[in-house]
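Structure record follows, encoded as structure tokens.
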Amino acid sequence: MAFAGRRDAPEPPDFGILKRLARDQLVYLLEQLPGKKDLFIEADLMSPLDRIANVSILKQHDVDKLYKVETRPAPGASDQFCFLVRPRVRTMRFIADIVNADKMSGRSRKYKIIFSPQKFYACEMVLEEEGVFGDVTCDEWSFYLLPLDEDIISMELPEFFRDYFLMSHELWRDLEEESEGEGQGRKPEIGHVFLMDRDVDYVTALCSQVVYEGLVDDTFRIKCGSVDFGPDVTSSDKSIKVLLNAQDKVFSQIRNEHFSSVFGFLSQKSRNLQAQYDRRRGMDIKQMKDFVSQELKGLKQEHRLLSLHIGACESIMKKKTKQDFQETIKAEHSLLEGFDIRESTSFIEEHIDRQVSPIESLRLMCLLSITENGLVPKDYRSLKTQYLQSYGPEHLLTFHNLKRIGLLMEQAAGETLTAVESKVSKLVTDRAAGKITDAFNSLARKSNFRAISKKLGLIPRVEGEYDLKMPRDMAYVFGGAYVPLSCKIIEQVLERRGWQGLEEVVRLLNGNEFSVSDSTVEDNPAWESQRVILTVFLGGCTFSEIAALRFLGKERGCKFIFLTTAITNSARMMEAMIEARA
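Sequential numbering of the sequence shown, starting at 439, is according to our numbering.
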């Protein structure tokens, strides 16, 4: 897909200031408790904190010992406790238990609670109920945005998807009204802003990722922009924590590539590095000295990173080239295209019966439900029963959670064709009956996903094999089988300069679109800001979507910046639904 007048993308704004502001505020809050202190950190704040202020910075400001919240302090603990926490009721009870235990033993301490990103009234109420509200001081660390890379900013709120459903249009308008007049006469740095709720496009998040960065996330779990590569990757007895961003010269060139292209690139990169090393043989002393002082360190670093990514690829290959993965991809593509639904349902049933993975089985059931606009009652009951028998009755609440947010639905009973279907089924074999069932279902209802897919052309129609090395559109992120719905919407709005002509799509999505334009920007189309696009994902964004929009940005000569509540994938979504049982 080529665009006329393609230009190089503009440079994004410098978001490093967000880290510096967060660090300065945290240091200020720590210094409000002068002297030696022990710091208790909530588990899901540890990785973000490491990106903002590492242990050495904390030590510089009199932090003595570090504890994870839920860990009891050691006997020789400090006389001052500082708690860096999320505003959660269970955490308040943990803090109250420590304070009350000290009271019982006659131990005198100072206690400070730093809430991030803000404190809730409910937390103060719990502290008051536990009788410790007067013993603690409370403050807020307004840490909302963490730059993970030059074009990715995360709120690091993975629970957002599970706990909140909101549309931020009203909040956006409030912020706009508050800042009115402040930017008069100043050139804007961002020309377009998209707000995308995750429930607009569950399908993309449920699909298996096949771009390199997505596969690394699915296989090793990227946390706060870093990944722990284990001994199977490092070829040693140690794990290594690696920061994955644009500064990694190897990773930056393969992160958005389809996995099938990655090994070829790494092989060529290895040969190029070896050739650079081999240049030393013909050097004189001065040239060797220059080589050692200017190039050798960089080559060694690049070689180390190359070895790690080759190891990661080999580990991914071992897991993903198994027959199960290939059959899973085939079943996904069938669901996306709407073909062989009965065979795909049978594959899911077999997946459950073999107890391959509770997360994977659940994901495939949800993908079937979303693409088919819900499961027919017979299939819903059958799959649910098999799942509970295979993985345990405790998952009953999981099904309730999935139904509540629309990920796994049962179609409304009482279709007029049901009686006819029942009579015909008695006259044919089970396999034929399944095909007839599919035919009746397609007549009885109209799947919104199918209609949206057809309207927007989400399933590419190409003659021959899709070229993954030289992709023509964003479908390459799913092997040429599917263009991410969320990304296609953004592409269409940009091309149409608004929502004109997309009214039917919006209606099918059961969503609300809004469009606000700045006349100043509209009157100055030559401004570089017009080519900088902020895309906000509420409820999580996948690396597949990021790769697809980066591709679109290159084609259009623009720069996408991603702001998300958290990086997500299908496993994280399913885990959130299972954890919500607690």
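Glycine residues also receive a C-beta, built at the ideal position from the N, C-alpha and C atoms. Given the structure is predicted, the values throughout are model-derived calculations rather than measurements.
Anticipated Cβ contact below 8 Å, residue i with residue j, distance rounded
| i | j | result |
| --- | --- | --- |
| Gln824 | Asp791 | 7 Å |
| Gly977 | Arg659 | In fact, because the Cβ distance is near 19 Å, the residues do not count as touching under 8 Å. |
| Cys662 | Glu594 | 7 Å |
| Ile490 | Leu522 | Contact flag wrong, Cβ pair sits at about 11 Å. |
| Phe598 | Ala919 | Not really, about 29 Å apart at Cβ, beyond 8 Å. |
| Asp639 | Pro898 | With a Cβ gap of about 17 Å, Asp639 and Pro898 do not count as contacting. |
| Val970 | Ile628 | 5 Å |
| Ser646 | Thr766 | 6 Å |
| Glu651 | Ala985 | 7 Å |
| Val648 | Leu746 | Contact flag wrong, Cβ pair sits at about 20 Å. |
| Thr973 | Phe519 | That pair is no contact at about 41 Å. |
Cut-off 8 Å between Cβ atoms - residues of its own chain near residue i, not counting five sequence neighbours on either side
| i | result |
| --- | --- |
| Ser820 | Glu787 |
| Ala643 | Arg636, Gly978, Thr980, Thr1006, Asn1007, Ser1008, Met1011 |
Buried versus exposed, by CB contacts within 10 Å (16 or more), residue i
| i | result |
| --- | --- |
| Thr575 | exposed |
| Met1015 | buried |
| Ile455 | exposed |
| Asn1007 | buried |
| Glu798 | buried |
| Thr854 | Any reading at Thr854 needs caution, since the residue's pLDDT is 35, under 50, leaving its predicted position unreliable; the model's value is listed next. That one is exposed. |
| Tyr466 | exposed |
| Glu508 | exposed |
| Pro486 | buried |
| Arg994 | buried |
| Ser705 | exposed |
| Glu929 | buried |
| Gly749 | buried |
| Met721 | exposed |
| Met563 | exposed |
| Phe763 | exposed |
| Pro596 | buried |
| Asn694 | buried |
| Leu834 | exposed |
| Gly544 | exposed |
| Met542 | exposed |
For residue i, the three-state DSSP class (helix, strand or coil)
| i | result |
| --- | --- |
| His838 | helix |
| Pro796 | helix |
| Thr575 | strand |
| Ala882 | Residue placement at Ala882 is poorly supported in this model, since its pLDDT is 39, which falls under 50; the coordinates still yield a value, given next. Correct three-state label for Ala882: helix. |
| Met542 | helix |
| Gln827 | helix |
| Gln518 | strand |
| Met1012 | helix |
| Tyr582 | coil |
| Cys979 | strand |
| Met908 | coil |
| Ile999 | strand |
| Lys822 | helix |
| Met563 | helix |
| His696 | strand |
| Asp778 | coil |
| Gln479 | The question names Gln, but residue 479 in the sequence shown is Ile. Strand, per DSSP. |
| Glu788 | helix |
| Asp587 | strand |
| Val570 | coil |
| Asp675 | coil |
| Arg686 | A small correction: the amino acid at residue 686 is Asp; Arg does not occupy that position in the sequence shown. Looking at Asp686 - three-state DSSP - the assignment turns out to be coil, as it is neither helix nor strand. |
| Arg924 | Note that residue 924 is Ser in the sequence shown here, rather than Arg. Here Ser924 sits in helix by DSSP. |
| Asp670 | helix |
Neighbourhood of residue i by C-beta, 7 Å cutoff - its chain only, sequence neighbours within 5 removed
| i | result |
| --- | --- |
| Ser699 | Leu906, Lys907 |
| Lys557 | Pro525, Cys576, Glu578 |
| Glu740 | Lys687, Val688, Leu711 |
| Thr783 | Leu806, Asp817 |
| Glu770 | Cys645, Ser646, Leu805 |
Nearest neighbour of residue i, chosen from the options [CA to CA]
| i | options | result |
| --- | --- | --- |
| His630 | Pro831, Asn811, Pro450 | Pro450 |
| Asn811 | Arg888, Phe837, Asp500, Ile590 | Arg888 |
| Met755 | Val654, Leu496, Leu834 | Val654 |
| Gly800 | Thr672, Val814, Ser784, Lys822 | The displayed chain sequence assigns Leu, not Gly, to residue 800. Closest by alpha carbon: Lys822. |
| Lys816 | Gln849, Gly544, Glu562 | Gln849 |
| Gln685 | Gly895, Glu588, Leu946 | Glu588 |
| Leu584 | Ala460, Tyr904, Phe553 | Ala460 |
| Arg910 | Phe532, Gln827, Lys992, Arg935 | Lys992 |
| Lys550 | Asn683, Glu469, Tyr904 | Glu469 |
| His789 | Pro626, Ser828, Met530, Ile808 | Ser828 |
| Asn683 | Ser664, Lys676, Asp675, Ser673 | Ser664 |
6 Å CB neighbourhood of residue i in its chain, flanking five on each side removed
| i | result |
| --- | --- |
| Lys474 | Asp500, Asp502, Ser516 |
| Glu832 | none |
| Ile999 | Pro450, Asp589, Leu972 |
| Gly668 | Ser677 |
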